[in-house]
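*Asks:*
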Amino acid sequence: MVGLSAVVMTLDISIVNVALPDIAADFGAGLEQTQWIINAYVLAFAALLLTVGSASDRLGKRRMFLAGHLVFAASSLLCALAQTDAVLIGGRAAQGIGAALVFGTCLALLSEVYTDDSAGRTRAVGVFMACGAGAAALGPLVGGVLVELGGWRWIFAINLPIGVFVIAAILTTMSLTERTNTESRIDWISTVLITALFFGANFALLSGPDHGWTSMLVLTSATLTVAAGVAAFWRQRTLGDDAMVDLSLFRIPTFSAVIFISFAVRVFSFGIFPFLIFWLSGADGFSPVQTGAVLLFLAIPMIVAAGPSLALARAVSLSATLTLSMSTIAAGLAWAAVITAPNMTWTSLIGPLVLIGIGSGLSMPHIMDIAMAVAPARLAGTATGLANTAFPLGTAAGIAVFGALIHGRVDAVDTLPEPARPLAYVADFDRLTLLGQPAVEAARSAYASGLTTVFAVAAAVALAAALVSLTAVRTKDFPGREA
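With the first letter of the sequence shown counted as 1, position 482 gets the number 480 in our numbering; the numbers rise by one all the way through.
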C-alpha cells in the first residue's frame, strides 16, 4: 500500500503535464491558470509535509495515512468534475493536502513495520523511492494514454478506484488503534507562515507578467511574502529544539548542498516539462500519447542510469558522482538551448533529453540517503522532510520563473498582435491561424526564443548544482563513511 501510495501521489505531479494543452483549450485558460494547475498541488504538498510528521506522532500515523487517502480521493473527484479552471485549481490544492498527509507518513509506517530489521527497512525504503521515481518518469506517457482514451478528466478519475482499493485495504488490514505521543507539538503558526511564504512567492511570480512587476498587487504580495519568510525564520530560531525546522542542519555543508540539489533537479525537470509539452503539442501537433512517448527519451535513461550510479559512488565518491550528474544535465540543457529554433523538429531534442535523463538517474538514488546520513539521528525525520519538501518547491519555482521568461519573450515581439499573445504564451499555434500566417510565425519565433532562454537558465542552475556538489559534499560530514 505504501508503494502504491508513492506511485499515485508522485504520478499526480507528472501525469497532469501532458493534459495541460487540452485543459487550457477546454477552459480557455491562459498561461497563469495552467501554471496554477500544477503549482497549487505541489505548493500545498510542500507546505504541509513538515507539519505532517509531528501531527502524525500526536494523532496517529495510520489515521493520518487513511485521512490523506480520503482527502485525495474526494479532491480527485472534484478535479474530474470541475467546470471551471478555478474549481480545478482548488481541487488540485486539496489533492496536495491529501498527498502530504499520505507521503508524510509513508516512511514512518515502513519504519514501524521493520523496527527490528534494518536491512529490510533499507530495502523497503529503496522500493518506496523507486516506486516514486518510476511514477515521475512514466507519468507523462500514462497521462497521455488516459487523455487519448477518455479525455483529460480521466487523469483524475483514475484515482478513484485506486483510492477505494487502498482505503478498503487500510480498513481491513491496519489497526487504527495505535500508541500516540500526546506531548508531540504541532506548530500551526509555523505551518501558516510557511504556507503564506510559499503561496505568496508563487503568486507574485505568476502574477508579475500579466499585472506588471511594479503593480500594487505584485508588490503587496512580495512584501507579505518577505514578511512571512522573516517571521518563519525568526520563529524557528526562537523555538530552538522545538522548531519545526531545526536550522542547525544547515550548518552541515553537505546537508545544505543536498537540499539545493533536491531543489535544482526539479527546477530543470518538472519545472521545464509544461513548456516543452506546450511546444510539442503546438509546434509539432503531437497528441498527448506522442508527447508522453517523446519524454521516454528522458525517462528510460534516467531509470537505467540509477543502478550503475550506486557502484559509481562506491568506486569514486558521492561528491564526484553528483558533480558528474549535474554536469551531464547541464550539458543536455545547454545542447537543447543551442538547437531550439522555430523550425526545429522533435528528433533534435532526443540527444538533450537522453543526457538530462542520464544525469538525473545518476543523482536519483543518493539524495535522500545523503540527507539522512549526514543528519544527527534525532533529526533524521526532519532531514528527510526537508529534502522531500525541496523537490516540489523546485517544481513550483521552475514553473513560475520559466513561465515568466516565456511570457517576457512573447511580449517583446512588437509584430505579434495583442489578441495573439495569450495563445502564444501556451504555444496554441493552431488557433492563431485565424489571425493569419504572420501571427503564427511571430508566435513560433517568440515561444522558441523563450524556450531557448528557459533551457539556458536551467543549464546555469545545473552548473551551479555541479559546483555545489564538487565543493560542499564533504567526506567529514559522513560519520564512518567515505563521501
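The beta carbon of each residue, even a glycine, is placed where N, CA and C say it ideally should be.
Leaving aside the five residues before and after L293 along the sequence, list all residues of the same chain whose C-beta is less than 6 angstroms from its C-beta, in chain order.
*Replies:* Within the sequence shown, residue 293 is the residue found at index 295, counting from 1. Here the set comprises P138.
*Asks:* Kindly indicate which three-state DSSP category W186 falls into: helix, strand or coil?
*Replies:* Numbered from 1 along the sequence shown, position 188 holds the residue referred to as residue 186. Correct three-state label for W186: helix.
*Asks:* Taking 7 angstroms as the cut-off, decide whether the C-beta atoms of A202 and A226 are in contact.
*Replies:* Here the question's residue 202 lines up with position 204 in the sequence shown. Here the question's residue 226 lines up with position 228 in the sequence shown. Not in contact: A202 and A226 (Cβ atoms no closer than 7 angstroms).
*Asks:* According to DSSP, is L68 helix, strand or coil?
*Replies:* By one-based count along the sequence shown, residue 68 stands at place 70. The answer is helix: DSSP assigns L68 an H, G or I state.
*Asks:* Distance, Cα to Cα, V411 vs D239?
*Replies:* To locate residue 411, count along the sequence shown from 1; it is residue 413. To locate residue 239, count along the sequence shown from 1; it is residue 241. Approximately 54 angstroms, taken between the alpha carbons.
*Asks:* May I have the straight-line CA-CA distance separating V424 from A22, to the nearest angstrom?
*Replies:* Position 426 of the sequence shown, counted from the first residue, corresponds to residue 424. Position 24 of the sequence shown, counted from the first residue, corresponds to residue 22. For V424 and A22, the distance between alpha carbons rounds to 8 angstroms.
*Asks:* Assign D83 to buried or exposed, taking buried as 16 or more other Cβ atoms, counted over all protein chains shown, within 10 Å of its Cβ.
*Replies:* Position 85 of the sequence shown, counted from the first residue, corresponds to residue 83. Buried, by the Cβ-count rule.
*Asks:* To the nearest angstrom, how far is it from the Cα of V224 to the Cα of F163?
*Replies:* On the sequence shown, residue 224 is found 226 positions in, with the first residue counted as 1. On the sequence shown, residue 163 is found 165 positions in, with the first residue counted as 1. Using only the alpha carbons, I get a separation of about 43 angstroms.
*Asks:* What residues in its chain sit with their C-beta under 6 angstroms from that of A92, if we drop five residues either side in the sequence?
*Replies:* Residue 92 sits at position 94 when you count from the first residue of the sequence shown. Counting only Cβ-Cβ distances below 6 angstroms, and skipping sequence neighbours, we find S73.
*Asks:* Look at the Cβ atom of T387, then the Cβ atom of L47, and state whether they are nearer than 7 angstroms.
*Replies:* The sequence position of residue 387 within the sequence shown is 389, counting from 1. The sequence position of residue 47 within the sequence shown is 49, counting from 1. Yes, these two residues count as a Cβ contact at 7 angstroms.
*Asks:* What are the boundary residues of the alpha helix (DSSP H) that L294 is part of?
*Replies:* In the sequence shown, the residue the question calls residue 294 occupies position 296. Looking at the DSSP string, the run of the alpha helix (DSSP H) that includes L294 is 294 to 313.
*Asks:* Using three-state DSSP, classify V40 as helix, strand or coil.
*Replies:* Sequence index remark: in the sequence shown, residue 40 carries index 42 (1-based). Looking at V40 - three-state DSSP - the assignment turns out to be helix.
*Asks:* Among the candidates I153, A291, I257, whose CA atom is the shortest distance from the CA of V471?
*Replies:* Position 473 of the sequence shown holds residue 471. Selected option, being the one with the closest Cα: I257.
*Asks:* Apart from the five residues on each side of it in sequence, which residues of its chain come closer than 6 angstroms, Cβ to Cβ, to R479?
*Replies:* Reading the sequence shown from its first residue, position 481 is the one you call residue 479. In this prediction, R479 has a pLDDT of 49, which is less than 50 and means its spatial position is unreliable; nothing more can be read from the coordinates.
*Asks:* Using three-state DSSP, classify W344 as helix, strand or coil.
*Replies:* Along the sequence shown, read from residue 1 onward, the residue named residue 344 stands at position 346. Correct three-state label for W344: helix.
*Asks:* Identify the continuous alpha helix (DSSP H) that holds E439 and give its terminal residues.
*Replies:* Here residue 439 refers to the residue found at position 441 of the sequence shown. Unbroken alpha helix (DSSP H) run through E439: 435 to 470.
*Asks:* State whether the stretch 316 to 334 contacts the stretch 257 to 270, with contact taken as three or more CB pairs (one from each stretch) at a distance under 8 angstroms.
*Replies:* yes
*Asks:* Mind checking whether A463 and A262 have CB atoms under 7 angstroms apart?
*Replies:* On the sequence shown, residue 463 is found 465 positions in, with the first residue counted as 1. On the sequence shown, residue 262 is found 264 positions in, with the first residue counted as 1. Contact flag set, yes.
*Asks:* Nearest to P207 by CA position, among T8, S254, T338, L29, is which residue?
*Replies:* Stepping through the sequence shown from its first residue, residue 207 is reached at position 209. Checked all of T8, S254, T338, L29; the closest Cα to P207 is L29.
*Asks:* When we look at the beta-carbon of V243 and count the other beta-carbons within 10 Å, is it buried (16 or more) or exposed?
*Replies:* In the sequence shown, counting from the first residue as 1, residue 243 sits at position 245. The residue in question, V243, is buried, as its Cβ has 16 or more Cβ neighbours within 10 Å.
*Asks:* Ordered along the chain, which non-local residues of its own chain (more than five positions away) have a Cβ less than 7 angstroms from that of L144?
*Replies:* Counted from its first residue, the sequence shown places residue 144 at position 146. So the qualifying residues of the chain are W152, I153, I156.
*Asks:* Contact between the stretch 4 to 12 and the stretch 369 to 383: three or more CB pairs below 8 angstroms?
*Replies:* Not touching, per the Cβ criterion.
*Asks:* Distance, Cα to Cα, G141 vs P477?
*Replies:* Counting from 1 along the sequence shown, the entry for residue 141 is found at position 143. Counting from 1 along the sequence shown, the entry for residue 477 is found at position 479. For G141 and P477, the distance between alpha carbons rounds to 43 angstroms.
*Asks:* According to DSSP, simplified to helix, strand and coil, what is T338?
*Replies:* Translated into positions along the sequence shown, residue 338 becomes position 340. Look at T338 here: in three-state DSSP terms it is coil, with no helix or strand label.
*Asks:* So H364 is in the alpha helix (DSSP H); what residue range does that whole segment cover?
*Replies:* As a working note, residue 364 is residue 366 in the sequence shown. Counting along the chain, H364 falls outside any alpha helix (DSSP H), and DSSP gives it neither H nor E.
*Asks:* Using the beta-carbon count (16 or more within 10 Å), is T170 buried or exposed?
*Replies:* Here residue 170 corresponds to residue number 172 of the sequence shown, with the count starting at 1. Exposed, since its Cβ has fewer than 16 Cβ neighbours within 10 Å.
*Asks:* Let's test the definition: count the other Cβ atoms within 10 Å of the Cβ of F248 and tell me whether it reaches 16, buried, or not, exposed.
*Replies:* In the sequence shown, residue 248 corresponds to position 250, counting from 1. Exposed.
*Asks:* At which residue ranges does the stretch 264 to 296 contain complete alpha helix (DSSP H) runs of 4 or more residues, listed in the order of the chain?
*Replies:* 271 to 280, 286 to 292
*Asks:* What is the DSSP secondary structure of P415, counted as helix, strand or coil?
*Replies:* Residue 415 sits at position 417 when you count from the first residue of the sequence shown. In the displayed model, P415 falls within coil according to three-state DSSP, outside both helix and strand.
*Asks:* Is A304 near P390, with beta carbons less than 7 angstroms apart?
*Replies:* The residue given as residue 304 occupies position 306 in the sequence shown. The residue given as residue 390 occupies position 392 in the sequence shown. For A304 and P390, no; Cβs fall outside 7 angstroms.
*Asks:* When every heavy atom of the ligand GDP is checked, does at least one fall within less than 6 angstroms of the C-beta of S323?
*Replies:* With respect to small molecules bound, the structure shown includes none, and the ligand GDP cannot be examined in it.
*Asks:* Which same chain residues, not among the five before or five after S361, have their C-beta less than 8 angstroms away from its C-beta?
*Replies:* Position 363 of the sequence shown, counted from the first residue, corresponds to residue 361. Contacts found: I259, V263, S307, T319, L320, S323, M324.
*Asks:* Could you compute how far the alpha carbon of D409 sits from the alpha carbon of V459?
*Replies:* Here residue 409 is taken as the residue at index 411 of the sequence shown, counted from 1. Here residue 459 is taken as the residue at index 461 of the sequence shown, counted from 1. Whole-angstrom Cα-Cα distance: 24 angstroms.
*Asks:* Between the beta-carbon of A78 and the beta-carbon of A297, is there less than 7 angstroms?
*Replies:* For the purposes of this step, residue 78 is identified with residue 80 of the sequence shown, where counting begins at 1. For the purposes of this step, residue 297 is identified with residue 299 of the sequence shown, where counting begins at 1. No; because the gap between Cβ atoms is not below 7 angstroms, this pair is not in contact.
*Asks:* From F197 to A229, what does the alpha carbon distance come to, in whole angstroms?
*Replies:* What you label residue 197 is simply residue 199 of the sequence shown in a count that begins at 1. What you label residue 229 is simply residue 231 of the sequence shown in a count that begins at 1. Going from the Cα of F197 to the Cα of A229 covers about 15 angstroms.
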